[in-house]
Structure formats: structure tokens, C-alpha cells
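Residue numbers (mature numbering (1 follows the signal peptide of the UniProt record, and there is no 0)): -19 to -1, 1 to 198.
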């Protein structure tokens, strides 16, 4: 098992992290009050159970560029954007039973997250809790993939979510819910594209002026 922990506080740096081919590698990157950083994580495994982990936390850090590449089985990538704006996150996972978890919270605005998963039984979770004008693109190519998007809490407005599932028997769930708060979750744009034997489920509560487009071929 290889473990890497990288903490950056109030620094301007550019760097990359690459795990040697193998299993059970872990990489952590913490950005706190840090702007204009480039972070690259590469984890490649050829076994049946790679179990590699990559995690990036951004707290009050703006204009960062994060790229995570994972190849193998049962890899997990997690990115948390907290009170941070104008960050660009790209996650590429190739294989089976991989997981991507991404959270945008505490007034994080104008962030871009792109998730590409190729294989089967992959899972993508997107949580936006108090953040406006974020752009999220999820592309899943293969069978039995699942994508969950939750726009929770109040003041989650004008976000753009695009989900493209190319395969069969995949599922997309989109939830917009203020959770009983005094604000609203309004003006969000959600596009879902699916093809064979797929399921799309959208639930809105106390949410108005949204644009929901579901295309199933």
C-alpha cells in the first residue's frame, strides 16, 4: 500500500502525483486558502481489485485545476469544493465498479466538474449544497452505470447539469430540495441523455423556473 498526503496552505504551486502500477494506493491533496494550483493524480492498476483512492479538498481556494486519472477496478475519486470559486475538476475512470463523489458547498460558485467513466457498474455522485452557476458534466459509457445529482439546501441556483449515459440498464436520479429552508432552488438546467432500458428519475421540491430535458433513445 502506498500512501501520499499533500497539504497546501496559502501557496502557489504546480505538481503531480503518480502512483506506481499496483493496488491499494491512496492520494490526498488539501488546498486551504490556496489559489491557482495545478494538481494531477494518476493511479493505474491491472488487477481485479485495484481499490485506489484519490481525494482532493478545496477550502476557500480559487482558480485551481485538478485532474484525476484512475484505471482498474473499484477505484474511488472524491473532490470537495467548499467556499471556493472558479475551480476546474476533471475525473477520468476506466474499468468497472469505480466511484466518483463530488461535493460543492458553502457558497462555492462558478466551478466546473467533468466526470468520465468508461466500463460497467460505475457510480457518480454530485452534491451541490449552497452554490450557484456551477457546471457539471457526467459521461458514462457502458452498462449498469448510475448517476446521482442532488441540489440540496437553499440558494442553489442557475447550475447546469449534463448527464450522458451510453449503454444499457443505467440509471439517473436528480433531486432538487431546499430541505425546508427559507430560500429556493431555482433556475437550474438539467439535461439527461440515455438509450436502452435506462431509467431517469427527477424529483423537485420548493424549486421553480428549472429546465429539465430527458432524452431516451
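A virtual CB, placed ideally from N, CA and C, is assigned to each residue, including glycine.
**OP:** Evaluate residue 196 with the Cβ neighbour count: other Cβ atoms within 10 Å of its Cβ, from every protein chain shown; 16 or more gives buried, anything less gives exposed.
**Re:** Counted from its first residue, the chain shown places residue 196 at position 215. Under this definition residue 196 is an exposed residue.
Original post:
Which parts of the stretch 16 to 77 are runs of the beta strand (DSSP E), unbroken and 3 residues or longer, counting only runs that do not cross its ends?
Top reply: 19 to 25, 34 to 40, 46 to 54, 57 to 63 and 69 to 77
**OP:** Verify whether the separation of the beta carbon atoms of residue 186 and residue 157 is less than 9 angstroms.
**Re:** Within the chain shown, residue 186 is the residue found at index 205, counting from 1. Within the chain shown, residue 157 is the residue found at index 176, counting from 1. Taking 9 angstroms as the Cβ cut-off, residue 186 and residue 157 qualify as a contacting pair.
Original post:
If you drop the 5 nearest sequence neighbours on each side, which residues of the same chain put their C-beta closer than 8 angstroms to that of residue 115?
Top reply: Locating residue 115 in the chain shown gives position 134, where the first residue counts as 1. Contacts found: 85, 89, 90, 91, 92, 93, 94, 109, 140 and 141.
Original post:
Given a threshold of 16 other Cβ atoms within 10 Å of its Cβ, counted over all protein chains shown, does residue 177 qualify as buried or as exposed?
Top reply: Within the chain shown, the letter at position 196 stands for residue 177. The residue in question, residue 177, is exposed, as its Cβ has fewer than 16 Cβ neighbours within 10 Å.
**OP:** Tell whether a beta-carbon distance below 9 angstroms holds between residue 31 and residue 49.
**Re:** Indexing the chain shown from 1 puts residue 31 at position 50. Indexing the chain shown from 1 puts residue 49 at position 68. No, they are not a contact pair.
Original post:
In chain order, what residues of the same chain have a beta carbon less than 7 angstroms from the beta carbon of residue 58, not counting five sequence neighbours either side?
Top reply: Within the chain shown, residue 58 is the residue found at index 77, counting from 1. Around residue 58: 35, 49, 51, 72, 74 and 81.
Original post:
Excluding five sequence neighbours on each side, which residues of the same chain lie with their C-beta closer than 6 angstroms to the C-beta of residue 153?
Top reply: On the chain shown, residue 153 is found 172 positions in, with the first residue counted as 1. Taken in chain order, the residues that qualify are 128, 144, 173 and 181.
Original post:
In terms of residues, what are the limits of the beta strand (DSSP E) holding residue 129?
Top reply: Stepping through the chain shown from its first residue, residue 129 is reached at position 148. From DSSP, the beta strand (DSSP E) with residue 129 extends over 127 to 133.
Subject >> For residue 147, the nearest candidate out of 131, 175 and 155 (CA to CA) >> reply: Residue numbering aside, residue 147 sits at position 166 when the chain shown is read from its first letter. Out of 131, 175 and 155, 175 has the C-alpha closest to the C-alpha of residue 147.
Original post:
Name the DSSP bridge partner or partners of residue 171?
Top reply: For this step, residue 171 is matched to residue 190 along the chain shown. 142 and 193.
Original post:
Leaving out five residues before and five after residue 192 in sequence, what residues of the same chain have Cβ atoms less than 6 angstroms from its Cβ?
Top reply: For this step, residue 192 is matched to residue 211 along the chain shown. 170.
Original post:
Which stretch, first to last residue, makes up the beta strand (DSSP E) that contains residue 111?
Top reply: The residue you call residue 111 lines up with position 130 of the chain shown. Careful: residue 111 lies outside any beta strand (DSSP E) and carries neither H nor E.
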